[in-house]
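S.K.:
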Amino acid sequence: MGLTIERMEELKNRIRGLLKEKNAILLAHNYQRAEIQDVADLCGDSLELSIRASKTEKDVIVFCGVHFMAETASILSPNKTVLLPVAAAGCPMADMITVSQLIEEKRKNPGRVIVSYVNTTADVKAESDICCTSANVVKVVESIDPDKEIFMTPDKNLAQYAKSRTQRRITWWNGFCPIHNNLKPSQVKKVKAENPDALFLAHPECPPEVLELADEIKSTSGIIAFVKNSSHKRFIIGTENGILHTLSKANPDKVFIPVAPDMICADMKKTGLLDVVKALEQMKTIVKVPEEIASKARKAVEKMLAIPAD
Ligand code: 13P
Ligand code: SF4
Numbered sequence: 081m082g083l084t085i086e087r088m089e090e091l092k093n094r095i096r097g098l099l100k101e102k103n104a105i106l107l108a109h110n111y112q113r114a115e116i117q118d119v120a121d122l123c124g125d126s127l128e129l130s131i132r133a134s135k136t137e138k139d140v141i142v143f144c145g146v147h148f149m150a151e152t153a154s155i156l157s158p159n160k161t162v163l164l165p166v167a168a169a170g171c172p173m174a175d176m177i178t179v180s181q182l183i184e185e186k187r188k189n190p191g192r193v194i195v196s197y198v199n200t201t202a203d204v205k206a207e208s209d210i211c212c213t214s215a216n217v218v219k220v221v222e223s224i225d226p227d228k229e230i231f232m233t234p235d236k237n238l239a240q241y242a243k244s245r246t247q248r249r250i251t252w253w254n255g256f257c258p259i260h261n262n263l264k265p266s267q268v269k270k271v272k273a274e275n276p277d278a279l280f281l282a283h284p285e286c287p288p289e290v291l292e293l294a295d296e297i298k299s300t301s302g303i304i305a306f307v308k309n310s311s312h313k314r315f316i317i318g319t320e321n322g323i324l325h326t327l328s329k330a331n332p333d334k335v336f337i338p339v340a341p342d343m344i345c346a347d348m349k350k351t352g353l354l355d356v357v358k359a360l361e362q363m364k365t366i367v368k369v370p371e372e373i374a375s376k377a378r379k380a381v382e383k384m385l386a387i388p389a390d
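For reference, each letter of the sequence shown is one residue, going 81 to 390 in our numbering.
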């Protein structure tokens, strides 16, 4: 059973008190539950959250997201305590490539530049030349010597999107986000036909046939910024439905139509207010990437962060 509004407010106040007491910052991804987004110090996409994690002066980072995000925070801020309130919140796509598979791939085809989506484990990042997010993938690819071949992990859809935008020689691992990859062009066409005046905004984790139908392709925060600055009133949203909370709250005069009501990432929804209270009270679960992996992974993440954002 869900929590009452009164109980939620009580828990949010408790969280605010604990954040002060522990000198902690609460970072939440745009796909988190509404009540988590509302209590967070910053709600953002993977790139914004990584940047904030690298810059915070707080002692503790509470990451309401999935495991690879907390790992990235630990890589960038090795002296901070990084807490992931629900240890089992993972990313199925990040788990689609292991470090031994990447090492084998590099052995079979040496000489390629390895570009890893931040949705990877720390040890995969450590074997990569540079990281990217959905917000900066095109810029990251463009920053690479045009004579070099590129191998992208783990998302085949993000890789194909980057290839279509840059015309670079890119091959990829066969991973995908189960939530975005499931979206069918027929579903999009149906919703578009029912809403001919709406713009279709899609995340680059969607398959190429879906992206072909999009008016704009953007990261989660890219979608939020686009909507804010657009004079359009109606939007079909092609990403995980957690983003609808921020969109509706920030734009009460605009209408948002989820392209598919089942685009829900179960892992992103694992974290509740009570989990955050317990995480701060008990200071767990601590995510700490061992320094021998972190030091290598940091190079790939920092190389990405050195590329100016839009
Ligand atoms: P962004 O918020 O960076 O667009 O990423 C989407 C995602 O799937 C994160 O897990
Ligand atoms: Fe991973 Fe997809 Fe969930 Fe993002 S939405 S955490 S990519 S499974």
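Every residue, glycine too, gets a C-beta built ideally from N, C-alpha and C.
1. Taking contact to mean 3 or more Cβ pairs, one atom from each stretch, closer than 8 angstroms, check whether the stretch 100-114 and the stretch 132-151 are in contact.
2. Would you check if there are 3 or more beta carbon pairs closer than 8 angstroms linking the stretch 153-164 to the stretch 175-182?
3. Where does residue 226 land, buried or exposed, given buried means 16+ other C-beta within 10 angstroms?
4. For the beta strand (DSSP E) containing residue 176, name the first residue and the last one.
5. Do you know whose CA, among 388, 343, 313, 205, lies nearest residue 286's CA?
6. Whose C-alpha, out of 310, 314, 203, 336, is nearest the C-alpha of residue 322?
7. Hey, is residue 154's beta-carbon within less than 7 angstroms of any beta-carbon in chain C?
8. Can you say whether residue 84 is buried or exposed, counting buried as having 16 or more other CB atoms within 10 angstroms of its CB?
9. Out of 208, 112, 317, 88, which has the shortest C-alpha to C-alpha gap to residue 186?
10. Kindly indicate the opening and closing residues of the alpha helix (DSSP H) around residue 311.
11. Three-state secondary structure (DSSP) at residue 232?
12. Over what stretch of residues does the alpha helix (DSSP H) that includes residue 265 continue unbroken?
13. Report the residue from 280, 148, 129, 251 whose alpha carbon sits nearest the alpha carbon of residue 215.
14. So, for residue 288: in the same chain, excluding its five sequence neighbours on each side, which residues have a beta-carbon less than 8 angstroms away from its beta-carbon?
15. Collect the residues with a C-beta less than 5 angstroms away from any heavy atom of ligand 4 and give them in sequence order along the chain.
16. Distance check for residue 333 and residue 223, CA to CA, integer angstroms please.
17. Ligand 2 and residue 370: does the residue's C-beta get closer than 6 angstroms to at least one heavy atom of that ligand?
18. Assuming contact is defined by CB atoms lying nearer than 7 angstroms, are residue 355 and residue 169 in contact in what I supplied?
19. Using only CA atoms, which one of 276, 325, 164 lies nearest to residue 114?
20. With C-beta atoms as the reference, is residue 307 less than 7 angstroms away from residue 331?
21. For residue 383, I'd like the list of residues in its chain whose CB is within less than 6 angstroms of its CB, leaving aside the five on either flank, ordered along the chain.
22. Bridge partners for residue 196 per DSSP, in chain order?
23. Can you list, in chain order, the residues of its chain whose CB lies under 7 angstroms from that of residue 371, leaving out five sequence neighbours each side?
M.R.: A quick look at the data gives this:
1. yes
2. Taking a cut-off of 8 angstroms on C-beta distances, the stretch 153-164 does not touch the stretch 175-182, as fewer than three cross pairs fall below it.
3. As a position in the sequence shown, residue 226 is number 146, starting the count at 1. Residue 226 should be labelled exposed.
4. Counting from one through the sequence shown, the residue named residue 176 turns up at place 96. Per DSSP, residue 176 belongs to no beta strand (DSSP E) and is neither H nor E.
5. Numbered from 1 along the sequence shown, position 206 holds the residue referred to as residue 286. Cα-wise, what sits closest to residue 286 is 343.
6. Start at 1 with the first residue of the sequence shown, and residue 322 comes out as number 242. With distances taken between Cα atoms, residue 322 lies closest to 336.
7. Looking for chain C here will not work: only one protein chain is present.
8. The residue labelled residue 84 in the question sits at position 4 within the sequence shown. It is exposed - the Cβ of residue 84 has fewer than 16 other Cβ atoms within 10 Å.
9. Translated into the one-based positions of the sequence shown, residue 186 becomes position 106. Closest by alpha carbon: 208.
10. Here residue 311 refers to the residue found at position 231 of the sequence shown. Premise fails: residue 311 is in no alpha helix (DSSP H) and is neither H nor E.
11. Here residue 232 refers to the residue found at position 152 when the sequence shown is read from its first residue. Here residue 232 sits in strand by DSSP.
12. Here residue 265 refers to the residue found at position 185 of the sequence shown. Per DSSP, residue 265 belongs to the alpha helix (DSSP H) from 265-274.
13. Translated into the one-based positions of the sequence shown, residue 215 becomes position 135. Residue 215 has its Cα closest to that of 129, out of 280, 148, 129, 251.
14. Mapped onto the sequence shown, residue 288 falls at position 208. Counting only Cβ-Cβ distances below 8 angstroms, and skipping sequence neighbours, we find 237, 240, 241, 244.
15. For the structure depicted, ligand 4 is absent and the ligand set comprises only ligand 1 and ligand 2.
16. Taking the sequence shown and counting its residues from 1, the one referred to as residue 223 is at position 143. Taking the sequence shown and counting its residues from 1, the one referred to as residue 333 is at position 253. Taking the straight line joining both Cα atoms gives about 39 angstroms.
17. Residue 370 sits at position 290 when you count from the first residue of the sequence shown. No, ligand 2 has no heavy atom inside 6 angstroms of this Cβ.
18. By 1-based counting over the sequence shown, the position of residue 355 is 275. By 1-based counting over the sequence shown, the position of residue 169 is 89. In this structure, residue 169 does not lie closer than 7 angstroms to residue 355 by Cβ.
19. Numbered from its first residue, the sequence shown carries residue 114 at position 34. Of the listed residues, the one whose Cα sits closest to residue 114 is 325.
20. To locate residue 307, count along the sequence shown from 1; it is residue 227. To locate residue 331, count along the sequence shown from 1; it is residue 251. Yes; because the gap between Cβ atoms is below 7 angstroms, this pair is in contact.
21. The residue labelled residue 383 in the question sits at position 303 within the sequence shown. Same-chain partners within the cutoff: 210.
22. Locating residue 196 in the sequence shown gives position 116, where the first residue counts as 1. Looking at the DSSP output, residue 196 shares a beta bridge with 211, 233.
23. Within the sequence shown, numbered from 1, the residue matching residue 371 stands at position 291. Closer than 7 angstroms at the Cβ level, and outside the excluded window around residue 371, lie 158.
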